[in-house]
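Novice: Mind the numbering: the sequence shown is residues -20 to -1, 1 to 684 in mature numbering (1 follows the signal peptide of the UniProt record, and there is no 0), read in order.
Positions of the beta carbon are idealized from the N, C-alpha and C atoms, including for glycine.
These numbers were taken from a predicted model, which means no experiment stands behind them.
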Amino acid sequence: MFKNFVSVVILFLSFCSLQAQELVSPNGNFKIKFALANDGTPSYQLFYKNKEVVKPSKLGLELQKDAKSLLNDFKIVEAKESTFDETWKPVWGEENSIQNHYNELAIRLKQNTTDRDIIIKFRLFNEGLGFRYEFPEQKNLTYFIVKEERTEFAMTGNHTAFWIPGDYDTQEYDYTESKLSEIRGLFKKAVTDNASQKQFSDTGVQTSLMMKTADGLYINIHEAALINYSCMHLNLDDKNFVFQSHLTPDAKGNKGYLQTPCVSPWRTIIVSDDARDVLASRMTLNLNEPSKIEDTSWIKPVKYVGVWWEMITGRSSWAYTDEVPSVHLGVTDFTKTKPNGKHAANTKHVKEYIDFAALHGFDGVLVEGWNEGWEDWFGHEKDYVFDFVTPYPDFDVKGIHEYAKSKGIKMIMHHETSGSTRNYERHLDKAFKFMNDNGYEAAKTGYVGNILPLGEHHYSQSILNHYQYVVEKAADYKIMINAHEAVRPTGICRTYPNMIGNEAARGTEFQAFGGSKANHTTILPFTRLMGGPMDYTPGIFETNISKVNPGNNSQVNTTLANQLGLYVVMYSPLQMAADLPENYNRFLDAFQFIKDVPVDWATSKYLEAEPGYYLTIARKDKKSNDWYVGNSNGYNARTATINMDFLEKGKKYEATIYADAENADYKTNPQAYKITKQKVTNKTKLQLKTAAGGGFGISIKEIK
Ligand code: NOJ
Ligand code: CA
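(1) Please report the residue range of the alpha helix (DSSP H) in which W246 lies.
(2) Kindly list the residues whose CB is nearer than 7 Å to the CB of T488, restricted to its own chain and excluding five residues on each side of it in sequence; keep chain order.
(3) Taking contact to mean at least 3 C-beta pairs separated by less than 8 Å, is the stretch 155 to 168 in contact with the stretch 234 to 251?
(4) May I ask you to check if the CB of E483 is nearer than 7 Å to at least one heavy atom of ligand 2?
(5) Please determine, among Q491, K316, T131, T301, the residue with the shortest C-alpha to C-alpha distance to A325.
(6) Looking at E682 and ligand 2, is the gap between the Cβ and the nearest heavy atom below 7 Å?
(7) According to DSSP, simplified to helix, strand and coil, what is Q79?
(8) Assuming I201 contacts S210 under a Cβ cut-off of 8 Å, what Cβ separation, rounded to an integer in Å, is found between them?
(9) Is the separation between the beta-carbon of S297 and that of N320 shorter than 8 Å?
(10) Classify N565: buried if its beta carbon has 16 or more other beta carbons within 10 angstroms, exposed otherwise.
(11) Which residue from D46, L546, F493, L444 puts its Cα closest to that of I472?
(12) Can you tell me where the beta strand (DSSP E) with T264 in it begins and where it stops?
(13) What residues in its chain sit with their C-beta under 6 Å from that of F368, if we drop five residues either side in the sequence?
(14) Mapping the DSSP letters down to three states, classify K169 as helix, strand or coil.
(15) Is the number of C-beta pairs between the stretch 136 to 155 and the stretch 491 to 503 that are closer than 8 Å three or more?
(16) Taking the beta carbon of S(-4) as the centre, do at least 16 other beta carbons fall within 10 Å, making it buried, or is it exposed?
(17) Please say whether T240 and L432 have beta carbons closer to each other than 8 Å?
(18) Identify every run of the beta strand (DSSP E) within the stretch 546 to 578, keeping only runs that are complete inside it and at least 3 residues long; order them along the chain.
(19) Determine the DSSP secondary structure at N649, reduced to helix, strand or coil.
(20) Determine the contact status of G592 and F142, defining contact as a CB-CB distance below 8 Å.
(21) Can you tell me which of A484, M460, I480, A454 puts its alpha carbon nearest to the alpha carbon of H438?
(22) When you compare the stretch 616 to 629 with the stretch 658 to 673, are there three or more beta-carbon pairs, one atom per stretch, that lie closer than 8 Å?
(23) Examine ligand 2 and report whether any of its heavy atoms sits within less than 7 Å of the Cβ of G677.
(24) When DSSP builds the beta bridges, which residues end up paired with R103?
(25) What I want to know is whether the C-beta of G610 ends up closer than 7 Å to one or more non-hydrogen atoms of ligand 1.
(26) If you measure from the CB of G487, is any heavy atom of ligand 2 nearer than 7 Å?
(27) With DSSP as the reference, please indicate the residues paired to V243 in a beta bridge.
(28) Within its chain, find whatever has a CB closer than 6 Å to the CB of S158; leave out the 5 residues flanking it on each side and keep chain order.
(29) Taking the alpha-carbon of V243 as reference, which of P505, Y113, I12, R256 has the nearest alpha-carbon?
(30) Whole angstroms are fine: how far does the CA of K647 sit from the CA of K328?
(31) Taking 8 Å as the CB-CB cut-off, is D46 touching chain D?
(32) Could you tell me which uninterrupted alpha helix (DSSP H) segments, each at least 4 residues in length, are contained entirely in the stretch 157 to 238, listed from first to last along the chain?
(33) Helix, strand or coil, according to DSSP, for T293 in the structure here?
(34) Write down the C-beta distance between V285 and M514 rounded to the nearest angstrom, noting that I regard them as a contact closer than 8 Å.
(35) State the Cα-Cα distance for the pair D601 and Y198, rounded to the nearest angstrom.
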């Protein structure tokens, strides 16, 4: 069933040969033109269905001053065309087999005056373009320092964009929908507070960037396989609508230290006249290497609850005591301090969560605030914050492990580093061994606050190398990683499938920090999720946060039914039921959907999609013939159409529909939902009303 063929045509070019090359995608929808200007500057141009999508755009890298830049003075010495077609099976995912089919054009360029070679490699898929720079090993190019990558993405007009501010340290922003020309004027308003943040330009935006053209084309720009390089942002020349790559600098202002042979990440441009194709694209994964972990049997999707939301809402605390103003780890004796009575990670309370998880069929329980150090955990740029192995006096590691094991529950470890990457690296082996010894198979890591070493950024090359080191080291210990505040993913989970989650966007926690925009989750699948799954932590049923903590007036800006839809809409092999058990106990009938919904899928169908407005996705369970449909709706109440032709012909199913009630509204009546059941077949077409900020979840079970 696996097909894999490669054909290669090599064109050796003489000095006076063509200075232009073309490549077409396997389905013929895409074409690129590569050209060299008179001064030897390379450029590319992209067409979709014969329409220009990217105008001629320059390629190259500016190097630090001791070396001539790789910007111009090139000639083409070789152009190699090939085709690749293979089907592979992800360890987990939105579908159980993925086709990787592309045409490739590798252009070898020689710089006349330096005799240095680089290769620009283009891959055209049926959904878009990936290209990267390759730097072969050679006498005249060994070590070099990147001052800036000078890749351009020249847009054809003043498109509509769904953007967040370009920032070296955080992606935890709400999206703004605007014309490209409006970004500058809206920029300041779009920058909201974060524990660590640094913008670089008031037309700087992050990838994955989603755009829509006036004639209905959807364009997505991102990167794939971001390894040993710095994270790319886009800086817009808003007179000409040209995006320029802008890499994240390090403490010295440099943007990359490279040693040949090496490659840049892939720059990706996905284009379609149907927004659903953007979601269905597997290009980002396909541009990453196959799994480097041979035995993946220990990597398992996880549905979990956690001692978490009560701290996020401010009802409980991570800290054990209010008595110590600052912690000296190993010196401060917590057994001699007075507990503050709000420390949630205590053995008794954790066991209640384990009981709840076991009763309702969850896989795991996350506990935050279990280890010493939370009394002054961030804001001081403190190096030695946590040691990741020393519990507070009221957290019985062994007892909890035994209790969880007896109930069939896996504990999930929490490693907050508060940005001190080198402190984490110091303790990593011990911390992972401690996890192995105590039955923890997954760690949630976190990087709140400014990065240490000081002056580095969350998205600079050496810090990205830290995140990567943690994922690879974790694999040695058979540990799965879910990193918060790390760089946004770029499909690396194909190569390291133990990276089962990432945050790297504005997650549900912000609903308790004042709220997120009501259409946030209609945008995330087109932006943040293009690179890989997100630990979004949905499932908040009590939308009035003051009912959880009277001191917190935040409002969750969605309906309850929307929260259910997110388990399908926001694909992740790691899904949390984030609310408090007491809130689930109040709405057990709706909670049933969260209990039932799988976290691993055989196939996915994108039924309706418009970024910023609505999304309806159907997915088939990997382990049964059951289907689940989810919807997230934006600001305008709407009727969704679900054509069930994806169901197997001749089979009968029962659908349980968890929808917004007639009078539901995210602001005025968020908890109004109704649950109905009906028989369905592949001929059924459903019309379902969704409220403003609403949505729905449907489980469709085969009747045997
Ligand atoms: C921010 C993370 O996103 C959140 O999930 C976590 O609870 C806190 N940091 C504390 O580590
Ligand atoms: Ca966060």
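Specialist: The relevant details are as follows:
(1) Run containing W246: none in the alpha helix (DSSP H); it sits in the beta strand (DSSP E), 246 to 252.
(2) Around T488: Y516, T517, P518, I520, A558.
(3) No: fewer than three Cβ pairs fall under 8 Å.
(4) Of the heavy atoms belonging to ligand 2, at least one sits nearer than 7 Å to the Cβ of E483.
(5) It is T301 whose Cα lies nearest to the Cα of A325.
(6) Not one heavy atom of ligand 2 sits closer than 7 Å to the Cβ of E682.
(7) Three-state DSSP puts Q79 in a strand.
(8) With a contact defined as Cβ atoms closer than 8 Å, I201 and S210 miss out at about 17 Å.
(9) Against a cut-off of 8 Å, the Cβ pair of N320 and S297 comes out as a contact.
(10) Residue burial is scored here from C-beta neighbours: N565 has fewer than 16 other C-beta atoms within 10 angstroms and is therefore classed as exposed.
(11) Of the candidates D46, L546, F493, L444, the residue whose Cα lies closest to the Cα of I472 is L444.
(12) Note, T264: premise wrong, no beta strand (DSSP E); alpha helix (DSSP H) at 263 to 266.
(13) Short of 6 Å from the beta carbon of F368, and not among the five residues preceding or following it, lie these beta carbons of its own chain, in chain order: H395, H407, A411.
(14) Note: K169 maps to helix in three-state DSSP.
(15) Enough Cβ pairs lie closer than 8 Å, so yes.
(16) For S(-4), the pLDDT reaches just 48, beneath the cut-off of 50, and the residue's location in the model is therefore unreliable, although a value from the coordinates is still provided. The residue is exposed, with fewer than 16 neighbouring Cβ atoms inside 10 Å.
(17) No, the Cβ-Cβ distance between L432 and T240 is not below 8 Å.
(18) Runs of the beta strand (DSSP E) lying entirely within the stretch 546 to 578, each at least 3 residues long, are 554 to 556 in chain order.
(19) In the structure shown, N649 sits in a strand (DSSP, three-state: E or B).
(20) Less than 8 Å separates the beta-carbon of G592 from that of F142.
(21) Ranking A484, M460, I480, A454 by Cα distance to H438 puts A484 first.
(22) When Cβ pairs closer than 8 Å are counted between the two stretches, the stretch 616 to 629 is seen to touch the stretch 658 to 673, the count reaching three or more.
(23) Within the chosen limit of 7 Å, ligand 2 does not reach the beta carbon of G677 with any heavy atom.
(24) DSSP output for R103 lists E84, G110 as bridge partner(s).
(25) Not under cutoff, so the answer is no.
(26) A heavy atom of ligand 2 is found nearer than 7 Å to the CB of G487.
(27) In the DSSP output, where bridge partners are listed per residue, V243 has E114.
(28) For S158, where only same-chain residues beyond five positions count, the Cβ hits under 6 Å are L166.
(29) Answer by Cα proximity: Y113.
(30) Linking K328 to K647 through their CA atoms gives a straight-line distance of about 36 Å.
(31) Protein chains in the displayed structure number just one, and chain D is not present.
(32) Here the runs fully enclosed are 163 to 170.
(33) DSSP places T293 in coil when its eight states are reduced to three.
(34) Incorrect: roughly 18 Å between the Cβ atoms, too far for contact.
(35) In a straight line, the C-alpha of D601 is about 29 Å away from that of Y198.
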